[in-house]
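Chains as they are written, first to last, in the working numbering: chain C, 17 to 312; chain R, -10 to 135; chain L, 3 to 662.
Glycine included, every Cβ here is placed at the ideal spot set by N, Cα and C.
If you're wondering where the values come from, they're calculated on a predicted model, not measured in any experiment.
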Amino acid sequence: MEDLTLVLRRTAKEILEKGEAQMVIGWEKGAFWYSSTSAFISKPEDTERLIWDEYCVNNLAKYLLDYRHKEGKVAVFVKGCDSRALNVLLQDKQLKREKILIIGLACPGMKDEVEARKLGRGSSIPLYKKCRECRYPNALNYDFFIGEDKVIKEIPAQDDFSEVQALESLSPDEKYNKFVANYERCLRCYACRNICPACNCRECIFDRTASGWSSKANNVSENMFFALTRALHVAGRCVGCGECERACPVNIPIMLLNKKIIQDINALFGEYEAGTDVTAKLPLGGFEFTDPEEFM
Amino acid sequence: MSVNEVTWQPKILVFACNWCTYAGADLTGLSRLQYPATVRILRVPCSGRINPQFVLKAFQKGVDAVLVAGCHPGDCHYTTGNYFTRRRFLIMRRLMEYVGLEPERLQARWISAAEAPKFQQVITEISEQIRALGPNRKLRDEEWKI
Amino acid sequence: MKRVGVFVCHCGTNIGAVVDCPQVAEKAMDFPGVVYSVDYKYMCSEPGQEMIKKAVQEHRLDRVVVASCSPRMHERTFQRCVEGAGLNSYFVEMANIREHCSWVHAGEPEKATEKAMDLVKMAVAKVVKNKPLQKATIPVTDRALVIGGGIAGIQAALDIANAGHVVDIVEKEPSIGGKMAQIDKTFPTLDCSACILTPKMVEAASHPNINLLTYSEVEKVEGFVGNFDVTIKKKARSVNMDVCTGCGLCMEKCPKKVDSEFELKMSKRRAIYTPFPQAIPNKPVIDRENCTYFNTGKCGICSKVCPAGAVDYTQEDEYLTRRYGAIVVAIGFELFDYSVIGEYGYGKYPDVITGLHFERLVNASGPTLGKIKRPSDHKEPKNVVFIKCVGSRDPAKGKSYCSKACCMYTAKHATLVREKIKDSNIYIFYMDVRTPGKGYDEFYNRTREQYGANYIRGRVSKIYQQGERLIVRGEDTLLGRPVEIEADLVVLATAMVAQPGAGQLAQKLGIGYDKDHFYTEAHPKLAPVETHTQGVYLAGACQGPKDIPESVAQASAAAAKVCGLLSKREMLTEPIVSEVNESICAGCGMCVAICPYKAIELKTISERIQGQTVERQVASVNGGLCQGCGACTVACRSAALNLKHFTDQQILAEVNALCL
């Protein structure tokens, strides 16, 4: 990956020097050896800060929204999950493709920051769970690719819904107690929403009490309403990047809800992998006459 | 609204589309078919107008069950509204069950303007199911602990 | 704070005998916003309505709740009543305490009373959030467009024109008349098709309110009900219509012969031609693809012989845009091209023909002048086999539907053969015989009994040539034995299919079509001639296979709808439509995809963001097209879309009222 870092810097530098984009969004080294953070580079000389290592977990796609009204193009480096997220933003018409320069990467899977902190430098650090399960490690939609567009990571045959299925097998009260236990600690800081590429509304209903939907009250009932509503809003849009869980300060397993819906959409309306096809119609934005009939 | 176990009666909210189910409920009245006084019908133009979030809000505020009802597929006054309803609530019902709500508490039915006996039967059935389950505390604003 | 008045109706004993109305009225005073509450025997009666009006004045009420019967019964009554009291008609809500309460809980008066209170509470909670709504008016252009000049289009145009409205008929062929012009006789009366059609064609052409735009096509449709802006392409005829007298000399002298489409390639026409002798307008067009002058620059005979100097080789396609209040789509059907399937030797053996070929063969003005002769050797056939359901009712051929007219026209063909060829034998292979029309079954029975047609229930498995004859092998499933017939002529009742361009036209018009590309009506039972696009109506076989009487009936029905629309200068639009909060809308376009009426589109707005002017897209609802279903509101995550009169806030208020 060190070699690629050089290619990545060179590419970014060229892009800025030639004026192909006004800014490049990538990663730079963070405060610790086990953290890499997003970097926004607009001067060619600053491209030396850019890196590509196994801690570049941040999904960069959503940052593009902040610069969508800027003049000129913005270049962005994308892994598989960033690429799918970017596609969702394109599907939701939040970005103009012609204003973005996409540089694809082949992702080997990112290492778990929390484990790294625990285990210490030099030890063998496991990949994030979401990366172990990832089936699209490489960028899907790009203007050019760094390195060879070849999958360099082991790909599981299908999505892993075992945790969802384990939950499904519990009794209603057991399920509810687990749900409450998770969302009792929700602070409603909305970090999950802010980082989520599928949450791309201009103004979220939870920021607007006048919408009638959200209440400022911080109680478990409102937390659950927030959680379920957000799950419904990202239904068919969630690309499984897991950034919500990573951003959650109280470690709520948010993906348990998202994965449940992904599983059900697949089972009910046919396989749908969000962000793999920009031209696809969102599953809840349409219907088939032949959809399963449970209304009776 | 807190739950008084002694005086508790099921409170069932029915979201009914104006053209089929609401009219079906009217016909149930015209035909004098009797059913338990546990339901309150909320009229919407089309079942496609029923936001799953309304259902969440209703549970928060203390209803014991929600019935989402509209025209049969192919009979929608707006032609396709109920097909969207079907997709949305297929997902919604599974999600609610997943977080621990008893499946009886969120149901969906197609009830046409002519199906008075069906309306009567559905309401009677759900009322009995909810009576057996007891008051709902899940997701509630107050008393959300079970 | 709103001032709500609650009026609880006893409906005689209908409500009063079960629900304790005075108690409901008393309880209502506790609900937020209620300043006046009363119960009365008959709220809908004259004195009841007066009571409401008086209370509005005396207590300065600005919202009214009537607890009585179903709003489906009396909502209009009470809307008019509050309007009479000077309030906006949408400031009244009804609590249905009769159909949904007293009548269904007759044995539980206490619970019924409690429920009535809840229902009133919900209505009060909603009504305080009701906004004044006004019906808007949009102007209606008094001109109709009929697309398609077959019998359905002609009939619709005549009906509309006779009611005093101007109609344009757009027909893609050089003449109006459509499929009916090709048909010889009509069932079950056996009157001559041309004899009943041509007078209608003449009437349409000479009607002061009808303009014929033949050899023309619809290019683009914009706008909405009352105001469609339609661009029509008038293909270059190469003949100046104003000058041409229709003498026909050019057609006589034209040296270039081409297969006649009208005669299904069984005879020739010239490169300058009218499709058939009774064509309307009876002025020729030049088929530029086949014209020697257009291909080589030499010839020009038609121009030389034309006494009026009407031939104009320089003519170009013309585009004209006109505004119409309403559109009738009547583009008809096509016959399934069975050579694609290749079954029954169609396309391979010249004596295997379709029903429409047969119509031409038996027609007095057809290629054989009405003598039934088989195409291969022009001999008179003795054994004629008819095969029904060719393509129709056969999902394997992609057509699961019944083409409806074939049972009857096959019976008609059989009688015509027997009348013209006395010693002929008729064999008809069928799956079922369907004769659900006036006089149809009697006709079918005559065909069998009087005309001696042999009906064989079963499918044909194979047809092959043996000498001069065709061997037809099939099965008689009623007798359970194979059948083999030596036929001289085989006639296939091929399926009716949608016009090849049906899908494209539907997209221009914004109307729906089914898997077979037949147009979808707004409601299969209650709106069979309407489409989802207000102001666009359907007539004839473009909506599904139909025979002539059905097409004509539907055409007149569509015309009635058009007249209803065009008889007004302005039309009122329902105010219960979706509206967009542009500052919140992110322009994701989910609602655009969901709207069944194509009432939402994205528009570009510019606004100041972070000190600079930027352009962004937002949803925009066309109030003329929106029907108020509200499906879009649920798709809008940020709740930028709301349905007036059924807003999120209003429904949530009802939910809250029920529970609190």
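I'd like to know if residue i contacts chain R, where contact means its C-beta is closer than 9 Å to some C-beta of that chain.
{"i": "C:F285", "result": "yes"}
{"i": "L:S72", "result": "yes"}
{"i": "L:N98", "result": "yes"}
{"i": "L:G514", "result": "yes"}
{"i": "C:V180", "result": "yes"}
Suppose contacts are defined by Cβ-Cβ distances below 9 Å. Is residue i in contact with residue j by that definition?
{"i": "R:R94", "j": "R:L122", "result": "yes"}
{"i": "L:I607", "j": "L:C634", "result": "no"}
{"i": "L:F264", "j": "L:A183", "result": "yes"}
{"i": "R:A105", "j": "R:L45", "result": "no"}
{"i": "L:G151", "j": "L:L214", "result": "yes"}
{"i": "C:A243", "j": "C:I268", "result": "yes"}
{"i": "R:A103", "j": "R:L16", "result": "yes"}
{"i": "C:K146", "j": "C:G252", "result": "no"}
{"i": "L:A312", "j": "L:C408", "result": "no"}
{"i": "L:Y275", "j": "L:F296", "result": "no"}
{"i": "R:R29", "j": "L:L121", "result": "yes"}
{"i": "L:D650", "j": "C:S230", "result": "no"}
{"i": "L:V126", "j": "L:A659", "result": "yes"}
{"i": "L:M119", "j": "L:K4", "result": "no"}
{"i": "L:G86", "j": "L:K43", "result": "no"}
Is there a C-beta anywhere in chain C that falls below 9 Å from the one on residue i?
{"i": "R:L95", "result": "no"}
{"i": "L:Q612", "result": "yes"}
{"i": "L:L654", "result": "yes"}
{"i": "L:R618", "result": "yes"}
{"i": "L:Q651", "result": "yes"}
Going by beta carbon distance, what residues of the same chain come within less than 8 Å of residue i, once the five residues before and after it are set aside?
{"i": "C:G163", "result": "L20, V23, L121 and A122"}
Near residue i, which residues of its chain fall below 6 Å by C-beta distance, leaving aside the five closest residues on each side in sequence?
{"i": "L:D41", "result": "V10, C23, P24 and A27"}
{"i": "C:R201", "result": "V266"}
{"i": "C:G42", "result": "A55, L66 and F93"}
{"i": "C:C260", "result": "C208, C212 and I270"}
{"i": "R:F48", "result": "L128"}
{"i": "L:A154", "result": "A332, A541, G542, S553 and A557"}
{"i": "L:C301", "result": "T294 and Y295"}
Step through the CB atoms of chain L and report whether any lies within less than 9 Å of the CB of residue i.
{"i": "R:G123", "result": "no"}
{"i": "C:R218", "result": "yes"}
{"i": "R:Q23", "result": "yes"}
{"i": "R:K127", "result": "no"}
{"i": "R:V33", "result": "yes"}
{"i": "R:K0", "result": "yes"}
Leaving out the 5 sequence neighbours to the left and right, which residues in its chain are closer than 7 Å to residue i when beta-carbon positions are compared?
{"i": "L:V20", "result": "S104, H107, A108, P111 and A114"}
{"i": "L:D261", "result": "K267 and K270"}
{"i": "L:G225", "result": "D231"}
{"i": "L:S341", "result": "Y348 and G349"}
Query raised in the report: Just by C-beta distance, which residues in the stretch 579 to 591 of chain L are closer than 8 Å to chain C?
Result: Taking 8 Å as the Cβ-Cβ cut-off against chain C, the residues of the stretch 579 to 591 of chain L that qualify are S585, I586, C587, A588, G589, C590 and G591.
With 9 Å as the limit, tell me which residues of the stretch 220 to 233 of chain C have their beta carbon closer than that to any beta carbon of chain L; keep them in chain order. The residues in question are C220, I221, R224, A226, S227, G228 and W229.
* Asked: What residues in the stretch 68 to 91 of chain R have a beta carbon less than 9 Å from any beta carbon of chain C?
  -> Of all residues in the stretch 68 to 91 of chain R, only T69, N71, Y72, F73, T74, R75, R76, R77, F78, L79, I80, M81, R82, R83, L84, M85, E86, Y87, V88, G89, L90 and E91 place a beta-carbon less than 9 Å from a beta-carbon of chain C.
key: Stretch-stretch touch, CB-based, cutoff 8 Å, three pairs: the stretch 646 to 656 of chain L with the stretch 127 to 134 of chain L   = When Cβ pairs closer than 8 Å are counted between the two stretches, the stretch 646 to 656 of chain L is seen to touch the stretch 127 to 134 of chain L, the count reaching three or more.
Residues within the stretch 206 to 238 of chain L neighbouring chain R, beta-carbon criterion of under 8 Å
Of all residues in the stretch 206 to 238 of chain L, none places a beta-carbon less than 8 Å from a beta-carbon of chain R.
Mind the definition here: the stretch 95 to 111 of chain L touches the stretch 619 to 626 of chain L only if three or more C-beta pairs lie below 8 Å; say whether that holds. By the Cβ test, the stretch 95 to 111 of chain L is not in contact with the stretch 619 to 626 of chain L, since fewer than three Cβ pairs between them sit closer than 8 Å.
Check distances from the C-beta atoms of the stretch 41 to 69 of chain R to those of chain C and list, in chain order, the residues that come in under 9 Å. For the stretch 41 to 69 of chain R, the set of residues with a beta-carbon nearer than 9 Å to any beta-carbon of chain C comprises P41, Q42, L45, K46, F48, Q49, V57, A58, G59, H61, P62, G63 and T69, in chain order.
**Asked** Going along the chain, which residues of the stretch 595 to 606 of chain L sit with their C-beta nearer than 7 Å to a C-beta in chain A?
**Response** Structure shown: chain A not included; protein chains present are C, R and L.
Report task. Determine, using beta-carbon pairs with one atom in the stretch 235 to 254 of chain L and one in the stretch 189 to 209 of chain L, whether at least three such pairs fall under 8 Å. Result -> Segments in contact, no.
Tell me, please, whether the stretch 299 to 307 of chain C touches the stretch -2 to 9 of chain R by the rule of three or more beta-carbon pairs shorter than 8 Å. Because the criterion of three Cβ pairs below 8 Å is not met, the stretch 299 to 307 of chain C and the stretch -2 to 9 of chain R do not touch.
Margin query: When you compare the stretch 498 to 508 of chain L with the stretch 351 to 363 of chain L, are there three or more beta-carbon pairs, one atom per stretch, that lie closer than 8 Å?
Written below: Judged by Cβ distances under 8 Å, the stretch 498 to 508 of chain L makes no contact with the stretch 351 to 363 of chain L, as fewer than three pairs qualify.
Query raised in the report: Relative to chain C, which residues along the stretch 626 to 644 of chain L have a C-beta separation below 7 Å, given in chain order?
Result: Those residues of the stretch 626 to 644 of chain L that come within reach of chain C (Cβ to Cβ, closer than 7 Å) are A637, R639, S640 and A641.
Selection of the stretch 240 to 254 of chain L by Cβ proximity to chain R, strictly under 9 Å: For the stretch 240 to 254 of chain L, which is checked against every Cβ of chain R, not one residue is closer than 9 Å.
Between the stretch 34 to 62 of chain L and chain R, which residues of the former have a C-beta closer than 9 Å to a C-beta of the latter? Flagged: no residues at all.
Original post:
For the stretch 232 to 247 of chain C, which residues have a CB atom closer than 9 Å to at least one CB atom of chain R, in sequence order?
Top reply: Within the stretch 232 to 247 of chain C, the qualifying residues are A233, N235, V236, S237, E238, M240, F241, A243, L244, T245 and A247.
Check your understanding: How about the stretch 386 to 404 of chain L and the stretch 437 to 446 of chain L: do they share at least three Cβ pairs that are nearer than 8 Å?
Key -> With the rule of 3 Cβ pairs closer than 8 Å, the stretch 386 to 404 of chain L does not count as touching the stretch 437 to 446 of chain L.
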